[in-house]
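A.B. asks:
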Ligand code: HEM
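Residue numbers (my numbering): 2 to 893.
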C-alpha cells in the first residue's frame with residue numbers, strides 16, 4: 002500500500018541484529034536506520050566480529066533494495082499522457098507492465114517519421130537508426146522512438162496533486178499550507194541571504210568571491226568543506242547534468258521577466274515589506290529581474306476516475322527537457338542540429354574531435370591539444386563569446402573546460418587506437434554487425450570515419466556512466482554499503498560467477514516481459530542486482546542485431562516512459578559544492594598553493610585563457626587536491642549570490658543563483674520538503690528541531706550551531722496555530738495508522754513550525770543527520786536511488802545493446818577494462834585489494850599523462866589527492882605519506 006511504506010525504518014529486533022543497541026537507540030528519529038548498522042560507517046562502526054559487520058553491511062543493502070523497489074512501484078508519474086493507462090492498465094496488462102506507448106511515436110514532423118514506419122500501428126526503429134546513439138536521442142528504445150529525446154517532457158516522481166502547493170490542487174494541499182505560499186513568499190532572496198550566505202571571518206580578503214588583485218595567495222573565502230570529496234567532483238556533476246537535462250534553450254529562459262524577491266520578510270506569521278534598512282542589512286537587491294521559465298503546457302489538466310478516486314492526468318504546468326534525457330554524452334556531442342554545429346571534427350580525420358595543440362606544447366598531454374574556440378558563425382548566445390566550442394556551453398568555467406577537454410582527448414585516444422588496429426589488421430572482424438547483413442562480419446577497414454566518430458561517442462558516454470556509477474558515487478556516498486551497491490549496479494553482485502550471472506540475467510529478462518506488474522517490476526528489480534543492470538539482456542545466446550527483441554529486449558521502464566522528473570533537477574541544485582576561490586597549484590609542485598584564483602574570474606570566455614596559459618595538468622592538480630564545499634546551510638558561494646549576466650534587464654545585471662534555485666522550484670511546482678519526503682517514502686519531520694543531529698552531545702559546539710540554525714529556519718518560515726481536524730496528506734499515515742494532520746502529532750491548537758512550507762532545497766541542505774560519508778542528504782539520495790537506476794534500466798545501450806556488435810569488440814573491451822588493457826590497482830583501499838584501476842584515473846593517465854607521479858598515489862580521483870584514505874572510510878583530513886608538506890593540511 003502506498004500509505005504504509007517502509008520509510009527506511011526496520012523492526013527493533015532487526016535493528017538490534019544488524020547494529021546492536023546503537024541502531025536501536027536512533028530508531029525514533031525521522032532518519033533512515035541502516036546508517037547505524039555495523040560496518041556502515043568508519044572503523045568505529047565495526048564490531049570485533051566480522052560476521053556482525055557483514056550482517057550490518059548486507060542489512061543496509063537489503064534496506065536500500067527495499068527502498069528502490071518501493072520507489073519503482075510508487076513514484077513514477079509521466080506527464081506526457083500515459084499516466085491514465087499506468088493507473089488503469091490496458092488489455093489485461095497492468096499499467097506498470099505496459100511497455101509501448103502511442104505517445105512515444107515519432108510525429109509526422111520528425112525527419113525519421115517514415116523510416117520508423119510512419120503511420121503504421123507499430124513504429125519500429127531499424128537499420129542505421131539502431132546502430133548508434135542518435136543526435137536527438139530518438140530510437141534508444143526501438144519501439145518507443147520518441148522516448149527520452151530532445152524536447153520531451155520532464156516527468157514527476159510525486160503525485161500530481163502534491164505539486165504546485167501554492168495552487169492548493171486538492172483539499173489536502175489546502176490544509177497543508179493554508180494559503181501561506183506564493184512564488185515570492187517566503188521571500189527567496191531573504192532565504193538566500195539568511196540561510197545560504199557563507200559567513201566570512203575577514204570579508205575584505207574574500208571580496209564577495211573576487212579575492213585579491215593579482216590572485217594574491219593571501220586572499221581567503223571561508224567555506225564549510227567536505228574532507229573526502231574534491232573540487233573535481235563538483236564540476237564533474239555539473240558536467241553530467243549538462244548531459245541529462247536543461248530547462249533552458251541556448252542559455253536563456255522565456256521572454257517574460259519577473260521580480261525575484263528582496264521584498265518581504267515573515268514577521269509573526271505575516272509577510273511584511275522590507276525597509277531600506279532591512280535591505281541593507283541583508284545585502285539583497287530588490288531590483289533584480291530574471292527571465293521566467295519556459296512552460297510547455299499550462300492548460301487545465303484533465304482528470305480521470307479509477308475506483309473511488311479521481312486523479313489529475315498531469316501537472317497544471319509541464320516543462321520540456323531541452324536536452325536528451327539519455328546518458329549519451331550530449332554535452333560533448335550535441336543534442337540537436339544547432340548544438341551539433343558547435344562540435345568540431347578534425348578535418349584531417351573526421352572521426353576525431355578537433356583539438357588544437359598549443360604552439361609551445363611540450364608535454365605528452367598538451368600535445369593532444371585543446372578544444373577550438375567558438376567562431377562568430379557558430380550558433381551561440383552572445384554571453385558565450387570566446388568560449389571553447391562544445392555541444393552544451395552554458396554556465397562555463399574552468400571546471401567545465403577541464404572535463405570537456407579531457408573527454409575530447411579521450412575520444413581521440415579511442416579513435417587513434419581503433420585506427421592503429423585497423424592499420425595493422427584491416428581484414429579482421431571489428432566485432433560490429435550491420436542489421437542489413439547481420440551474419441557478415443564488419444572488418445576494420447569497412448568502418449567509415451562517421452561510424453568511428455559515433456563509436457567514439459558510444460564508448461565515451463559509457464565510460465562517463467561507469468565513472469559516475471563506480472567512482473564518483475562511491476566517493477559521494479563514502480561507505481561500504483554504497484561501495485558494494487554501486488559496483489553491483491554496474492557489474493552485479495555476482496561479479497565473478499559468470500554462469501549464475503548469465504542464468505539470472507535470462508530469468509530477469511523473462512520476468513521483465515510479464516503482464517503482472519509485481520513480477521515485471523519488483524521481482525525484476527530485486528533479481529537484477531545479481532547480474533547487474535549494465536548488460537542486462539545482452540548475454541542472450543545467439544544475440545542477433547537483426548532481431549528487435551535482442552537489441553531492445555533488456556530495457557525496463559516499469560510502465561512509465563523514461564525522462565527525468567522535476568524533483569531530480571531540484572536535488573541536483575548543488576551550487577554549494579563550488580568554492581569561491583581555487584587554490585591554484587602547478588602540477589610539478591603540487592604541495593604549494595601559488596595563487597587564489599576566483600572561480601568567477603574563469604566564468605565563460607575567460608576560462609579559455611586560464612586553460613591555455615596554465616594547462617590541464619595544473620588545473621587537475623588544483624581541483625584534485627582542494628576540498629569542495631559541503632552541502633549545508635550557509636555555504637553558498639558568495640560569487641553566485643552576485644553573479645553578473647549580461648542578458649539580464651536589471652540595473653546591476655546581477656542575479657542571486659541561490660535565490661533562483663528556490664524560485665525555479667516554485668515555478669515548477671516541486672512539493673515542499675515534508676510532503677516531498679512523504680511522497681518518496683521517508684519519514685516526515687514534526688519541527689525544525691528534528692534537523693538537529695541526535696548523535697551530538699547537547700553541550701557540543703556543533704549542537705549549539707544546529708540549534709541556532711533551527712531557530713533561524715523558524716524565524717524565516719514562521720509558525721502557526723495548528724488544527725488537528727485537518728488532514729494534510731494521503732502519501733502516508735501516522736505511526737498508529739491515523740491520518741497525518743496539520744498538527745503533525747502536536748496537541749490541537751498549539752503553535753507548530755511551518756515545516757510544511759520549507760522549500761525542498763533548504764530542507765535537504767539543513768539535513769545534518771546523514772549516513773556516514775554522505776556528501777548529500779538522505780532526501781537527495783532517495784531521489785537518486787530511483788532515477789540513477791532508471792537511467793540505466795531504460796537505456797538499451799547500457800542493457801541489451803551493450804554488445805560488441807554495437808560498440809565493436811575494441812570499444813566493448815575498452816569500457817569493461819577502463820582502457821585498452823586491464824590494470825590492477827596496487828593500493829589497497831577500505832579493505833579491498835586487487836581492484837581494477839578506477840576508470841577516471843585511467844582516462845587521466847591517457848589524456849594528461851604528466852599527472853602519473855601524483856595519480857600513482859590516488860585510488861579514487863574524487864577523493865582529495867593528498868588525503869590519507871586510512872583503513873576504513875575515514876573522513877579525517879590528514880595528509881598521505883609524501884604529501885605532509887601540502888599547505889592545505891595546515892588549516893582546518
Ligand atoms: C561556477 C559554476 C556554476 C554556475 C556559474 C552556475 C550557474 C547556474 C545558473 C545561472 C543557473 C540558473 C539557470 C536558470 O534557471 O535560469 C543554474 C542552474 C542549475 N545549476 Fe548551476 N551553476 C554552476 C555550477 C553548478 C554545479 C556544480 C551544479 C551541480 C550539479 C549545478 C547544477 C545546476 C542545476 C541542476 C540547475 C538547474 C538547471 C535547469 O533548470 O535545467 N550548477 N546554474
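From the three backbone atoms N, C-alpha and C, an ideal C-beta is built for every residue, glycine too. Please read these numbers as outputs of a predicted model, since none were measured by experiment.
How many whole angstroms separate the CB atoms of residue 676 and residue 730, which I take to be in contact at a CB cut-off of 8 Å?
C.D. replies: With 8 Å as the limit, residue 676 and residue 730 qualify as a contact, their Cβ atoms being about 6 Å apart.
A.B. asks: Taking the alpha-carbon positions, what's the residue 433 to residue 90 distance?
C.D. replies: 39 Å
A.B. asks: Please specify which runs of the beta strand (DSSP E), each continuous and at least 3 residues long, are wholly inside the stretch 577-645, giving them in chain order.
C.D. replies: For the stretch 577-645, the full-length beta strand (DSSP E) segments reaching 3 residues or more read 582-585, 596-599 and 628-630 along the chain.
A.B. asks: Tell me which residues share the same chain as residue 19 and place their Cβ nearer than 6 Å to its Cβ, disregarding the 5 neighbours each side in the sequence.
C.D. replies: Only 38, 56, 57 and 60 meet the Cβ criterion.
A.B. asks: Would you kindly check if the distance between the Cβ of residue 674 and the Cβ of residue 714 is under 8 Å?
C.D. replies: no
A.B. asks: So residue 487 is in the alpha helix (DSSP H); what residue range does that whole segment cover?
C.D. replies: 481-492 is the span of the alpha helix (DSSP H), which, as asked, contains residue 487.
A.B. asks: Just reading off the beta strand (DSSP E) that residue 272 is part of, what are its end residues?
C.D. replies: The continuous beta strand (DSSP E) containing residue 272 extends over residues 271-274.
A.B. asks: To which residues does DSSP link residue 250 through a beta bridge?
C.D. replies: 253
A.B. asks: With DSSP collapsed to three states, give me the class of residue 224.
C.D. replies: coil
A.B. asks: DSSP has residue 260 in a bridge; who is on the other side?
C.D. replies: When DSSP reads this structure, residue 260 sits in a beta bridge with 290.
A.B. asks: Measure the C-alpha to C-alpha separation of residue 423 and residue 429 and round it to an integer number of angstroms.
C.D. replies: 8 Å
A.B. asks: Taking buried to mean at least 16 other C-beta atoms within 10 Å of its own C-beta, is residue 406 buried or exposed?
C.D. replies: buried
A.B. asks: Does DSSP put residue 656 in a helix, in a strand, or in coil?
C.D. replies: When secondary structure is reduced to three states using DSSP, residue 656 falls in the strand class.
A.B. asks: Express the C-alpha separation of residue 47 and residue 797 in angstroms, rounding to a whole number.
C.D. replies: 40 Å
A.B. asks: For the beta strand (DSSP E) that residue 721 lies in, which residues bound it at each end?
C.D. replies: 720-722
A.B. asks: Around the C-beta of residue 212, are 16 or more other C-beta atoms found within 10 angstroms, so that it is buried, or is it exposed?
C.D. replies: buried
A.B. asks: Excluding the five sequence neighbours on either side, which residues of its own chain have a C-beta within less than 8 Å of the C-beta of residue 202, listed in chain order?
C.D. replies: Within the same chain, residue 202 has close Cβ partners 223.
A.B. asks: Between the C-alpha atoms of residue 833 and residue 875, what's the straight-line distance to the nearest angstrom?
C.D. replies: 14 Å
A.B. asks: Would the beta-carbon of residue 692 fall within 8 Å of that of residue 711?
C.D. replies: yes
A.B. asks: Count the C-beta pairs between the stretch 96-105 and the stretch 753-765 that are closer than 8 Å, then say yes if the count reaches three, no if not.
C.D. replies: no
A.B. asks: Return yes when at least one heavy atom of the ligand PLP lies under 7 Å from the C-beta of residue 239, else no.
C.D. replies: Annotation note on the ligand PLP: not contained in the displayed structure, which lists the ligand HEM as its ligands.
A.B. asks: Just verifying my parser: in three-state terms, what is the DSSP assignment at residue 564?
C.D. replies: coil
A.B. asks: Under DSSP, the beta strand (DSSP E) around residue 900 begins and ends at which residues?
C.D. replies: For the chain, the structure presents residues 2 to 893; residue 900 sits outside this window and is missing.
A.B. asks: Please report how far the alpha carbon of residue 254 lies from the alpha carbon of residue 114, in whole angstroms.
C.D. replies: 29 Å
A.B. asks: Excluding five sequence neighbours on each side, which residues of the same chain lie with their C-beta closer than 8 Å to the C-beta of residue 653?
C.D. replies: 286, 288, 289 and 645
A.B. asks: Could you tell me whether the Cβ of residue 198 comes closer than 8 Å to any Cβ of chain B?
C.D. replies: Reference to chain B is not applicable here, since this structure consists of a single protein chain.
A.B. asks: What is the DSSP secondary structure of residue 406, reduced to helix, strand or coil?
C.D. replies: helix
A.B. asks: Around the C-beta of residue 571, are 16 or more other C-beta atoms found within 10 angstroms, so that it is buried, or is it exposed?
C.D. replies: buried
A.B. asks: Just to confirm, does residue 249 get its C-beta within under 7 Å of one of the non-hydrogen atoms of the ligand HEM?
C.D. replies: Indeed, a heavy atom of the ligand HEM lies less than 7 Å from the Cβ.
A.B. asks: Quick one: Cα of residue 40 to Cα of residue 777, how far?
C.D. replies: Looking at the two C-alpha atoms, the distance is approximately 20 Å.
A.B. asks: Measuring alpha carbon to alpha carbon, tell me which of 604, 709 and 545 ends up nearest residue 802.
C.D. replies: 545
A.B. asks: Identify every residue that forms a DSSP beta bridge with residue 879.
C.D. replies: Answer by DSSP bridge pairing: none, since residue 879 is not bridged.
A.B. asks: Residue 95 to residue 311, Cα distance in whole Å?
C.D. replies: 19 Å
A.B. asks: Locate the alpha helix (DSSP H) running through residue 58, then write down its first and last residues.
C.D. replies: 51-75
A.B. asks: Do you know whose CA, among 218, 117, 165 and 72, lies nearest residue 593's CA?
C.D. replies: 218
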